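**Student:** All you need for our numbering is the position in the sequence shown, starting with 1, plus 369. Glycine residues also receive a C-beta, built at the ideal position from the N, C-alpha and C atoms. None of the values given here were measured: they were computed from a predicted structure.
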Amino acid sequence: MRLVKKSTTRAEDIMGEESDFICDSVNLLTEGCRLSVRMHSSDDWPLAEIISIKDVGNMRFYYVHYIDYNKRLDEWVTEERLDTRKVQYPRKDGQTTGTAGNAGGGGGTGASTPNRKTENISILSQSRPASPLSVPPVPTQNDPTVLTAALQKKIARKRKLVDTEESQEVATATPRQTGSMVMQHDDVVTRMKNVEMIELGLHRISPWYFSPYPQEMVNLNCIYICEFCLKYKKSRTSLYRHSIKCNLRNPPGTEIYRKESISFFEIDGRKNKSYSQNLCLLAKLFLDHKTLYYDTDPFLFYVMTEYDLKGYHIVGYFSKEKESTEDYNVACILTLPPYQRKGYGKLLIEFSYELSKFEGKTGTPEKPLSDLGLLSYRSYWSQTILDILLTVKPTPDNEKPQITINEICELTSIKKEDVVSTLQILNLINYYKGQYIISINKDIITTHIDSFQKRKVRIEPKCLHWTPKDWSKRAKW
Ligand code: ACO
Ligand code: ZN
370 MRLVKKSTTR
380 AEDIMGEESD
390 FICDSVNLLT
400 EGCRLSVRMH
410 SSDDWPLAEI
420 ISIKDVGNMR
430 FYYVHYIDYN
440 KRLDEWVTEE
450 RLDTRKVQYP
460 RKDGQTTGTA
470 GNAGGGGGTG
480 ASTPNRKTEN
490 ISILSQSRPA
500 SPLSVPPVPT
510 QNDPTVLTAA
520 LQKKIARKRK
530 LVDTEESQEV
540 ATATPRQTGS
550 MVMQHDDVVT
560 RMKNVEMIEL
570 GLHRISPWYF
580 SPYPQEMVNL
590 NCIYICEFCL
600 KYKKSRTSLY
610 RHSIKCNLRN
620 PPGTEIYRKE
630 SISFFEIDGR
640 KNKSYSQNLC
650 LLAKLFLDHK
660 TLYYDTDPFL
670 FYVMTEYDLK
680 GYHIVGYFSK
690 EKESTEDYNV
700 ACILTLPPYQ
710 RKGYGKLLIE
720 FSYELSKFEG
730 KTGTPEKPLS
740 DLGLLSYRSY
750 WSQTILDILL
760 TVKPTPDNEK
770 PQITINEICE
780 LTSIKKEDVV
790 STLQILNLIN
800 YYKGQYIISI
810 NKDIITTHID
820 SFQKRKVRIE
830 PKCLHWTPKD
840 WSKRAKW
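1. Which residue's Cα is closest to the Cα of R605: L589, L617, R618?
2. From D443 to Y432, what does the alpha carbon distance come to, in whole angstroms?
3. Would you call T517 buried or exposed, if buried means 16 or more other Cβ atoms sit within 10 Å of its Cβ?
4. What number of angstroms, rounded off, separates the C-alpha of P707 from the C-alpha of D696?
5. Suppose you measure from the CA of G757 to the CA of I777; what does that come to, to the nearest Å?
6. Indicate the three-state DSSP secondary structure (helix, strand or coil) for V672 in the structure shown.
7. Using a strict less-than 7 Å threshold between each residue's beta carbon and the heavy atoms of the ligand ZN, what residues do you get?
8. For the alpha helix (DSSP H) that Q793 lies in, which residues bound it at each end?
9. Are the Cβ atoms of R429 and V395 separated by less than 9 Å?
10. Can you tell me which of Y671, C595, P667 puts its alpha carbon nearest to the alpha carbon of S721?
11. Between which two residues does the beta strand (DSSP E) holding D424 run?
12. Have a look at the DSSP bridge pairing and note the partners of L703.
13. Could you check whether the stretch 674 to 683 touches the stretch 611 to 628, counting it as contact only if at least three pairs of C-beta atoms, one from each stretch, sit closer than 8 Å?
14. With Y708 as the anchor, note down where its beta strand (DSSP E) starts and where it stops.
15. Looking at chain D, is there any beta carbon in it that lies within less than 9 Å of the beta carbon of L703?
16. At a cut-off of 8 Å, is K715 close to the ligand ACO when judged by its beta-carbon and the heavy atoms of the ligand?
17. With distances taken between CB atoms, is the gap from S725 to S632 smaller than 9 Å?
18. So, Y800 versus I806, is the Cβ gap smaller than 9 Å?
19. In the DSSP output, which residue or residues are listed as bridge partners for L404?
20. What's the gap between the Cα of T773 and the Cα of V761?
21. What's the C-alpha gap between L530 and D666?
22. Applying the 10 Å Cβ sphere with the 16-neighbour rule, what's the burial state of R460?
23. How long is the line joining the alpha carbons of K838 and F727, rounded to whole angstroms?
24. I'd like to know if the stretch 746 to 753 and the stretch 783 to 792 are in contact, where contact means that at least 3 CB-CB pairs between them fall below 8 Å.
25. Is L651 near the ligand ACO, going by C-beta to nearest heavy atom under 8 Å?
26. Please report the distance separating the alpha-carbon of Y435 from that of G742.
27. Starting from the Cα of R454, find the closest Cα among I422, K423, V406, R441 and give me that residue.
28. Looking only at its chain, what residues have a beta carbon closer than 8 Å to the beta carbon of Y578, apart from the 5 residues adjacent to it on each side?
29. Quick check for students: name the residue ranges of the beta strand (DSSP E) that lie wholly in the stretch 694 to 768, counting only runs of 3 or more.
30. Relative to the C-alpha of N641, which residue among S693, Q457, L599, K802 is closest?
31. With distance defined between alpha-carbon atoms, name the residue in K603, E829, L648, E568 nearest to E629.
32. So, with DSSP's three-state summary, where would you put I613?
33. I want to check one thing, is the minimum distance from the CB of Y805 to the heavy atoms of the ligand ACO below 8 Å?
34. Got a sec? Which residues, its chain only, sit under 6 Å from T704 by beta carbon, not counting five neighbours each side?
35. Which term fits S841, buried or exposed, when burial requires 16 or more other beta carbons within 10 angstroms of its beta carbon?
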C-alpha cells in the first residue's frame, strides 16, 4: 500500500472529508503492474500482469496475463479476483518494482513479459517471404476497444481488398522483435484476445489469441463462419443467406487423400487466395505470434476434413512453403479445438511426413514450436522412431540389430537433428567404445506399445494420390 492524494473517490467517502490521503491500492493499479490474481474456475492465485484496464458502466475490468502460463489463459477479471496486498509497480524503464511491500519481481511491461515459457509460437522466420504490410504504431490508451479501433483504422488505410466475389477485407498484423515503446503499444493490442466467440458449423468456439478480423467483426458477440469457404459473417441470418449461395461442400483445391471419412485437400495459396487468407485468419485465433500474410502465394495448405452427409467438415490443417531453404515441411499446424486431443494432430503430422517421403526429403516443422506443438511433435517423433527401432532385425553377421541415424531419417523423413534430440530425450543413446549405441529397455517398449495402441487412425500411404511439384523450376508460383 502507499499513500496517495486523491480528489474524490469511493474510499474518501468512507474515510470522511478531512482525509486527504487515502489507501486504495486498486485505484493505483496500472498496466504493467504485477500481482496475484485468482485464475478462472480455480483456487490458484498465480502472479499475473495487468495488460489493460477498462471501465464498463461503474465496473472496472483488468485484462491479465498469468506469468509463466500460456497466453490463451489471459482473461478479463474484476477487482475481487485481485490480491492487492502485494503489487509490483512498473518502472519507467519498463521493469516492475516492488513498491507495495514486495521487492524485486521480474521485469517487463505487459507487452514484453519475459520467460513466457509456453507461449512462444513464432512463425516469423528468415526463410519466409516478408509480410507485405506491417502494423503501424498505436497511441497508448487504456480501453482495448479504442486500441483495437486505432490499430484497425490504420490497417484499413493500407489494407488491400481481398480478391473475392464478396470483397471481404483482411487485415494483417506483424509481430516484431523490438523493445521500443511503439512496439509495446502495438503489442498491447495484439496480445489481447479480440474475438469473443466464433461459430463454425455445429461448433461454438472461444478463441485463444488475437486475430486481425476487421473492426466491425470484433465488436460482435460472435463471428459466424461458413465452414466450407470460411467467409465470415456478422449474424446467423447473414450466414444463412450466404449458405444458400455458397455451393462449396468441401474446401477448394484437390482432394489428394481419402481413407474412410478422412480426406486431405491441397490448396494453392495463389490459386485460392480468399480461402487461404480466411483460413489464416481463423487459424490465428489459436496460433500465437503467427504472422498473417496477405501473400499466401508461396504456401500450400493441406486441410484435413471429416466427411458426413452434409459435406467435408474442416478438422485442422497445416501450411507448407512451396520452397523451403531450411527443410521446413510444415509452417503452421492446427487442430480446431473441438477436435483436439483425439489424435488428429498426430495424423496431420504423420501426413506432413508422408508428403516428405513422397518428395524423397527429410523435413522439420518451422521453429519455435508452441507448447502444444512441441508435445505433439515429441510424441510423434518418439513413437515413429521407436517403431522403427523395434522392427530392425539382426543380420547374419551381427546378432545385435543395427541401424544408423541416417537410415532412421531416410525411413521416417524426420530431419536428423530431430531424430538425435528424440533419442537423447528418450535416453536411448549412449557413447560406448568410440561409437554411439542405441539401447532399448523394457519400460520404453511397454510405454511405446501403450501409446501406439491409442493411435487408431493412421495415414495409409496408398490412399495418397499426389505427385510433388518442383517449385524451383517454375518461373512463378
Ligand atoms: N495437454 C497435454 N497434452 C496434450 C494437449 C494438452 N492440451 N494437447 C495435445 N497433447 C498431447 C497428446 O496427449 C498427445 O500425446 P500422446 O499421444 O503421447 O498422449 C499429443 O499431444 C498429440 O495429441 P493429438 O490429439 O494428436 O493432437 P491435437 O489434435 O490435440 O493437436 C496441436 C495438437 C495441433 C498442436 C493442437 O494442440 C493445436 O492446434 N494447438 C494450437 C495451435 C498450435 O499450437 N499449433 C502448433 C504450433 S507450432 C507450428 O505450427 C509449427
Ligand atoms: Zn461459404
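**Tutor:** Well, looking at it:
1. Nearest C-alpha to R605: L589.
2. 7 Å
3. Reliability of the predicted coordinates at T517 is poor, the pLDDT of 39 falling under 50, and the value obtained from them is presented with this limitation in mind. So T517 counts as buried.
4. In a straight line, the C-alpha of P707 is about 31 Å away from that of D696.
5. It is worth fixing the name first, because residue 757 is Ile in this sequence and not Gly. So the alpha carbons of these two residues sit roughly 7 Å apart.
6. Residue state, collapsed to three classes: strand.
7. C595, F597, C598, K600, H611, S612, C615, L617
8. Residues 785 to 794.
9. yes
10. Comparing Cα-Cα distances from S721 to each of Y671, C595, P667, the minimum goes to Y671.
11. 416 to 425
12. Y686
13. Short answer: they touch.
14. Y708: not part of any beta strand (DSSP E); DSSP gives it neither H nor E.
15. Protein chains in the displayed structure number just one, and chain D is not present.
16. Within the cutoff, so yes.
17. In this structure, S632 does not lie closer than 9 Å to S725 by Cβ.
18. yes
19. L404 is bridged by DSSP to A417.
20. Cα to Cα, the separation comes out at about 11 Å.
21. A caution first: L530 carries a pLDDT of 33, below 50, which makes its placement in the model too unreliable to give a value.
22. exposed
23. 11 Å
24. Contact between the stretch 746 to 753 and the stretch 783 to 792 is present, because at least three Cβ pairs lie under 8 Å.
25. no
26. 20 Å
27. Answer by Cα proximity: V406.
28. K440, R441, K562, K653, L654, F655, L656, D657
29. Whole beta strand (DSSP E) segments, 3+ residues: 697 to 699, 702 to 704.
30. L599
31. E829
32. helix
33. Judged by the Cβ position, Y805 fails to qualify as a neighbour of the ligand ACO at the 8 Å threshold, every heavy atom of the ligand being at least this far.
34. G685, Y713, G714
35. exposed
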